[in-house]
Amino acid sequence: MSQMDTVFNEFELDALKEFINIGFGRAAGELSEIMNLHVMLNVPDVAILRAGEVGSFIGGDIKDHKDYSIVEQFFIGNFKGVSFLVLPFNEGKRLMNIFSEYDDSMIESYGLDVLQQETLIEIGNIIIGACVGSFAELLKGSVSYLPPKLFKSDLASFVPEKIISGDEGSENQLLVSFKTIFRFEDHDVMGYLFMVSHSDALEWIRKSIRNFLDDYS
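Just so we're aligned, residue 296 is where the sequence shown starts under this note's numbering, counting upward by one.
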């Protein structure tokens with residue numbers, strides 16, 4: 296029996312996957328309107344992990360673990376946890392050219408690195424907010440966000456499990472995790488989005504799904 300099966304029964308798991316598919320589908324539409332550019336999100340993968348497995352979960356599908364920009368944003372409320380937007384480091388300038396209108400004087404005043412960082416943080420804030428917010432709304436929950444932070448890291452040394460659940464000895468606590476690949480249509484830019492619940496949110500997700508199933512049973 297998988298960890299997923301120990302947390303959700305068959306109907307709950309199907310409902311969870313449907314919620315996340317609908318939520319991310321809505322988010323893609325919202326992102327396209329906000330950015331005035333078609334954003335494509337792959338069907339998300341859903342997994343139940345132990346806190347100590349989060350690092351390998353994030354790095355597992357990415358072959359080259361070096362030179363990545365990672366936008367990290369915590370969210371709190373009924374649904375709480377942390378999201379990571381992971382982009383190849385060299386995509387920063389390309390994204391800045393797509394989304395920003397910085398002129399030469401601004402680049403000279405602030406520096407290219409600073410403007411690239413601001414662009415990545417803003418894009419991460421928009422994408423994470425749309426995906427997390429859509430999922431929480433479907434489950435009739437509330438969520439708010441802490442300011443996003445940008446890291447430059449090789450994924451092999453990025454250890455997010457230390458900040459998922461802060462209690463000592465929490466490596467075995469179960470978390471629900473989602474991941475998807477996003478692309479911007481007509482532009483050769485892609486990245487990864489990971490959304491990981493805090494262990495405390497797992498029971499809320501389960502109860503919300505059960506309430507939904509009870510309402511329609």
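Note that the Cβ used here is the ideal one computed from N, Cα and C, for glycine as well. Because the structure is a prediction, the values reported are computed rather than measured.
For GLY436, no beta strand (DSSP E) run applies, since DSSP gives it neither H nor E.
Annotation: the region 302-366 contains the following complete segments of the beta strand (DSSP E) (minimum length 3 residues), in chain order: 334-336, 340-345. Take the alpha-carbon of GLY436 and the one of PHE319: they are about 16 angstroms apart. Within the same chain, and ignoring the five residues on either side of MET485 in sequence, the residues whose Cβ sits closer than 7 angstroms to its Cβ are ILE476, PHE477, ARG478. In the three-state reduction of the DSSP assignment, PHE384 falls in the coil class, being assigned neither a helical nor a strand state. In the three-state scheme derived from DSSP, where H, G and I count as helix and E and B as strand, VAL427 is classed as helix. Per DSSP, the continuous beta strand (DSSP E) segment holding LYS474 begins and ends at 469-479. Between PHE303 and PHE379, the C-beta spacing is not below 9 angstroms. The residues LEU332, PHE479, HIS482, VAL484, in chain order, have a CB closer than 8 angstroms to that of ILE393 in the same chain once the five nearest residues on each side in sequence are set aside. Remark: C-beta atoms of PRO339 and ILE315 approach each other more closely than 9 angstroms.
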